[in-house]
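Residue numbers (my numbering): 898 to 1128.
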């Protein structure tokens, strides 16, 4: 049951030494972890879905998201001394990324330098292992990955709850909006009904002429030519 749970964890191992890379890969697989190995910090960033914004200036800490990371990485274990980008530089870039900062990072080194160890731990490293790394060292990795996985699950649940609340809020708002629209339509209809009717159009000249002709005395008083009325 425990091994099945651990096999779900994916570890990205970074080391420029082929021998050390093979050794850490074998130890991680013995601990039932899924393993991906790369030989440089820049390749690790690329695998994590990041690329350097300014490759001409190695001191530039900014990285840009590529948004194409298909494989979830639960932990990064990296050598400290590497050409180009050191393990400390890789640690800083991961912690400065909003999308990757929650991934645990473990540093390895063949040199026991207290100031180096303190600097890495202050920057956010979970552990600092001295080479050669032993199987007992890797037993310390699982709690860090479990903690991060629980955080991710809680974050997903919170996002789902927020989404559900937004949907509920939208569902409650839509009938209210419909009522408001219906009220506006009713008010517009009432305004139309309350408006006075338009005045009748004035009679045309032909109609006026016919009316005047109908009132002419020649039409109302008939003439009796040659007839004498006796009273």
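Ideal Cβ placement from N, Cα and C applies to all residues, glycine included.
Note that the coordinates shown come from a computational prediction; the quantities given were computed from them, not determined experimentally.
Residue i and residue j closer than 9 Å at C-beta
i: residue 1003; j: residue 1027; result: no
i: residue 938; j: residue 979; result: yes
i: residue 1032; j: residue 928; result: yes
i: residue 970; j: residue 1041; result: no
i: residue 946; j: residue 1018; result: no
i: residue 968; j: residue 940; result: no
i: residue 942; j: residue 990; result: yes
i: residue 1045; j: residue 1001; result: yes
Alpha helix (DSSP H) segment containing residue i, residue limits
i: residue 869; result: With the chain covering 898 to 1128 only, the question about residue 869 has no answer from this structure.
i: residue 1019; result: 1011-1020
i: residue 927; result: 915-927
Local conformation of residue i per DSSP, three classes
i: residue 1042; result: helix
i: residue 1006; result: strand
i: residue 997; result: coil
i: residue 968; result: coil
i: residue 984; result: helix
i: residue 1087; result: helix
i: residue 1063; result: helix
i: residue 955; result: Residue placement at residue 955 is poorly supported in this model, since its pLDDT is 49, which falls under 50; the coordinates still yield a value, given next. The answer is coil: DSSP assigns residue 955 none of H, G, I, E or B.
i: residue 1074; result: helix
i: residue 905; result: coil
i: residue 1081; result: helix
Bridge partner(s) assigned by DSSP for residue i
i: residue 976; result: 1005
i: residue 1025; result: 1004
i: residue 910; result: 934 and 974
Supposed contact pair residue j and residue i - C-beta distance, whole angstroms, cut 8 Å
i: residue 944; j: residue 935; result: 6 Å
i: residue 988; j: residue 1024; result: So it is not a contact: roughly 12 Å between Cβ atoms.
i: residue 975; j: residue 984; result: 4 Å
i: residue 1029; j: residue 920; result: 7 Å
i: residue 1043; j: residue 925; result: Contact flag wrong, Cβ pair sits at about 16 Å.
i: residue 1016; j: residue 977; result: So it is not a contact: roughly 10 Å between Cβ atoms.
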